[in-house]
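Quick notes on the structure that follows.
Number of protein chains: 2
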Amino acid sequence: MKRNLIPLLAALIATASADPLPSWNPGPAKQSVIDFVEKVSDSSSKDFVPVAERIAVFDNDGTLWCETPLPPQAFYAFAEVERLLPENPEWKDNPAIQALQKKDFGPLLADHYKGLLDIIAKSHADRTPEQFSEGVTNWLETAKHPKFGMAYNQTIYQPMLEVLSYLRDHGFKTYIVSGGGQDFMRVFSDKTYGIIPEQVIGTYSSATFEMKDGKPVLTKGMDNLFIDDKAGKPEAIHRFIGRKPIACFGNSDGDQAMLEYTTIGNPRPSLGLIVHHTDAEREYAYDAKPIASGKLVTGLEAAKEHGWTVVDMKSDWKTVFPE
Amino acid sequence: MKRNLIPLLAALIATASADPLPSWNPGPAKQSVIDFVEKVSDSSSKDFVPVAERIAVFDNDGTLWCETPLPPQAFYAFAEVERLLPENPEWKDNPAIQALQKKDFGPLLADHYKGLLDIIAKSHADRTPEQFSEGVTNWLETAKHPKFGMAYNQTIYQPMLEVLSYLRDHGFKTYIVSGGGQDFMRVFSDKTYGIIPEQVIGTYSSATFEMKDGKPVLTKGMDNLFIDDKAGKPEAIHRFIGRKPIACFGNSDGDQAMLEYTTIGNPRPSLGLIVHHTDAEREYAYDAKPIASGKLVTGLEAAKEHGWTVVDMKSDWKTVFPE
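Taken in sequence, the protein lines are chains A and B. Take the first sequence: its letters are residues 1 to 323, numbered as in our numbering. Take the second sequence: its letters are residues 1001 to 1323, numbered as in our numbering.
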């Protein structure tokens, strides 16, 4: 019975609390989130939305956690290849590995990302999901962000954690819809964001099933790669969820398609929100020219046109990372 | 708050009820389901499983609803092509359509199912998900099963509806994992089985996103077809759910891989169950030689080896379809 009482109590506590988003400064961004959540969950409102349709989707890199100087998954791939190098001495002759060791990323991107895909294969494929999870778990315990010196699962945005909880307390199902690897994010999403594995959608490729010595085994591969970015995001939402979200949170042009899908012509009220990285001191400031990922140009134009909330990280957020 | 009270009340009612599976005759099949559900949901049992991990997967064709003489989706495809024929007079010269009209299914299967894929394309692709749903909804309202004279969403198994409810009342999340089309099943799964769209996994192909005259549009296509059958089932479970189920229900060799994945070497207690179609009078009797789908040979052998429950439809089920 306990399982049914926990959300009930959480909802009661949330209702009683004066401010559901304490890390947000007062202003139109914060207010837009509160107004939206209040109207769709108020059964006497004309904008009421039944619980089953309260689906919210969140990009991860740059929306829930820091994606600069590189998305953490890239650091994982590099670290994993380094870790495996002693067992694979022949890798030393591989141009991609050599480029990586010189921190010369250009060659990795040449020839349709051939080198980068090789690094991803060496760090992600030809292992079981269980082996992969173990590798990510171990890495998360020791790796540190180069600027902040914190574990990558701590360089997450406290104001967005509050939005996640606030939505869930009001009956929303919260999903990640990210260009990051699905298996990668599922290792930490529950503990880090309270988002369970089956609500994590991301980039994926095949995992092949076979019976091996009488045991069922899945082996991660690189074929049938699906990139969950740009138009891929609404396509993945349709494939994995099968209904239109009513709230969508992103930070880059890669999120524009799912923001459009969520907010334009939706028969239900909807909320689109873009986190604009404007805080060079507490985090990073970028839009048109990010270091690696998170380019935001057309998304800002579309935000004006469609009335999406644009969060100015510097002025709208009281704190960035959890204390 | 209502949303939190409903499962609570349902659980209380289920606990108070004497028999959670009234359409099942007493016997080892029924008892195996009850014993499993009781032990995994009893917090004082060594076999207790936390709610988050109580994932149950169900095949659809032949497990939740009747798949004979053909899976209903095939009848839908045929009816939809017939419906569209007047608007597409050139289809009359198409050999697949000609075969269909003569009810001569052989040519549809020749040359790697070329004709059948053409019928599926004409009835499923080049339309939005909303248009597709509308077509299926309209068809379900009028189409009747050739033997039973009932709508296809009534040729469902009452004993399995009881298992679905019983599991959900004990904290299980119930999923469909079927070779049937994902978009097809999502049209009726919630109303018919209480299984919401995001818990329906099936065969799918691409739906392409674009902005068209300023509106977001998804268009169903035929490329990147993923067949959710045999080894594809555990692969899809990993992709969509990201964790191993503890209960798996099927009826054919096509379900064997997901039964193996669920039950062999699972660190949690698990249940595998096969519905054996043994009732020629009330439904159909088939295993090695089904009319179209549902071949069951190696699955029966594997059931013996791995201790899966085999339901004898004729003797284990008091009723087949809902009254």
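Each residue gets a CB set at the ideal place from its N, CA and C atoms; glycine is no exception.
Using the rule of at least 16 other Cβ atoms within 10 Å of the residue's Cβ for burial, across every protein chain shown, is residue i buried or exposed?
{"i": "Leu1108(B)", "result": "buried"}
{"i": "Phe1048(B)", "result": "exposed"}
{"i": "Gly202(A)", "result": "buried"}
{"i": "Met1(A)", "result": "Only weak support is given to the placement of Met1(A): the predicted model assigns it a pLDDT of 45, under 50, and the question is left unresolved by the model."}
{"i": "Arg1054(B)", "result": "buried"}
{"i": "Tyr1113(B)", "result": "exposed"}
{"i": "Pro1245(B)", "result": "buried"}
{"i": "Ser45(A)", "result": "exposed"}
{"i": "Asn88(A)", "result": "exposed"}
{"i": "Arg1168(B)", "result": "buried"}
{"i": "Arg1083(B)", "result": "exposed"}
{"i": "Glu281(A)", "result": "exposed"}
{"i": "Pro1072(B)", "result": "buried"}
{"i": "Thr142(A)", "result": "exposed"}
Can you name the start and end residues of the beta strand (DSSP E) that residue i belongs to?
{"i": "Thr1137(B)", "result": "No beta strand (DSSP E) holds Thr1137(B); the alpha helix (DSSP H) holding it covers 1129-1142."}
{"i": "Leu1273(B)", "result": "1271-1278"}
{"i": "Phe1058(B)", "result": "1055-1058"}
{"i": "Phe36(A)", "result": "No beta strand (DSSP E) holds Phe36(A); the alpha helix (DSSP H) holding it covers 28-40."}
{"i": "Pro1216(B)", "result": "1215-1220"}
{"i": "Phe1249(B)", "result": "1247-1250"}
{"i": "Gly180(A)", "result": "173-181"}
{"i": "Asp1093(B)", "result": "Where Asp1093(B) is concerned, there is no enclosing beta strand (DSSP E), given that its DSSP letter is neither H nor E."}
{"i": "Asp312(A)", "result": "309-312"}
{"i": "Thr208(A)", "result": "207-212"}
Which bits of chain A does residue i rub up against, with CB to CB less than 8 Å?
{"i": "Glu1235(B)", "result": "Ser206, Ala207, Thr208, Phe209, Leu218"}
Using a Cβ-Cβ distance under 7 Å, would residue i count as near chain A?
{"i": "Arg1239(B)", "result": "yes"}
{"i": "Pro1197(B)", "result": "yes"}
{"i": "Ala1056(B)", "result": "no"}
Just to confirm my understanding: we take residue i, look at its own chain, exclude 5 residues before and 5 after, and list those with CB closer than 6 Å. What are they?
{"i": "Trp139(A)", "result": "Tyr76, Ala79"}
{"i": "Phe1249(B)", "result": "Phe1058, Thr1063, Leu1273"}
{"i": "Ser133(A)", "result": "Val187"}
{"i": "Ala288(A)", "result": "Val297"}
{"i": "Asn1025(B)", "result": "Asp1316, Lys1318"}
{"i": "Lys1030(B)", "result": "Leu1021, Trp1024"}
From what residue to what residue does the alpha helix (DSSP H) around residue i run?
{"i": "Phe1240(B)", "result": "1232-1240"}
{"i": "Ala257(A)", "result": "256-263"}
{"i": "Tyr152(A)", "result": "Tyr152(A) -> no alpha helix (DSSP H), and no H or E assigned at all."}
{"i": "Tyr1370(B)", "result": "A question about residue 1370(B) goes unanswered here, because the residues of chain B that appear run from 1001 up to 1323."}
{"i": "Lys304(A)", "result": "298-306"}
{"i": "Asp169(A)", "result": "158-169"}
{"i": "Gly1202(B)", "result": "From DSSP, Gly1202(B) is part of no alpha helix (DSSP H) but of the beta strand (DSSP E) over 1200-1203."}
{"i": "Gly1106(B)", "result": "1106-1124"}
Which same chain residues end up closer than 7 Å to residue i when comparing Cβ atoms and leaving out the 5 residues on each side of it in sequence?
{"i": "Pro1234(B)", "result": "Ala1257, Met1258, Tyr1261"}
{"i": "Pro69(A)", "result": "Pro146, Ile291, Ala292"}
{"i": "Ile1264(B)", "result": "His1306"}
{"i": "Lys1314(B)", "result": "Thr1278, Asp1279"}
{"i": "Thr1174(B)", "result": "Ala1056, Phe1058, Leu1164, Leu1167, Arg1168, Ile1195, Gln1199"}
{"i": "Ile324(A)", "result": "Residue 324(A) falls outside the range modelled here, since chain A spans only 1 to 323, and no answer is possible."}
So with CB distances below 9 Å, who are the chain B contacts of residue i?
{"i": "Tyr152(A)", "result": "Here the premise fails: no neighbours, minimum Cβ distance about 20 Å."}
{"i": "Arg186(A)", "result": "Gly1242, Arg1243"}
At a Cβ threshold of 7 Å, is residue i touching chain B?
{"i": "Glu323(A)", "result": "no"}
{"i": "Gly299(A)", "result": "no"}
{"i": "Tyr261(A)", "result": "yes"}
{"i": "Ala231(A)", "result": "yes"}
{"i": "Ala302(A)", "result": "no"}
{"i": "Ala257(A)", "result": "yes"}
{"i": "Trp139(A)", "result": "no"}
Starting from the beta carbon of residue i, find every residue of chain A whose beta carbon is closer than 9 Å, and list them in chain order.
{"i": "Ile989(B)", "result": "The structure shown has nothing for residue 989(B), since chain B only spans 1001 to 1323."}
{"i": "Asp1099(B)", "result": "Looking at the sequence provided, one finds Ala at residue 1099(B) rather than Asp. Here the premise fails: no neighbours, minimum Cβ distance about 31 Å."}
{"i": "Val1200(B)", "result": "Gly242"}
{"i": "Pro1129(B)", "result": "His238, Gly242"}
What does a CB cutoff of less than 8 Å around residue i pick up in its chain, not counting 5 residues either side in sequence?
{"i": "Phe1226(B)", "result": "Thr1203, Tyr1204, Ser1205, Gly1232, Ala1236"}
{"i": "Asn1094(B)", "result": "Asp1118"}
Could you tell me which chain A residues have their CB closer than 7 Å to the CB of residue i, listed as they occur along the chain?
{"i": "Ala1052(B)", "result": "Ile196"}
May I ask you to check if the CB of residue i is nearer than 6 Å to at least one heavy atom of the ligand ZN?
{"i": "Ala1151(B)", "result": "In terms of ligand content, the structure shown is empty, and the ligand ZN therefore cannot be addressed."}
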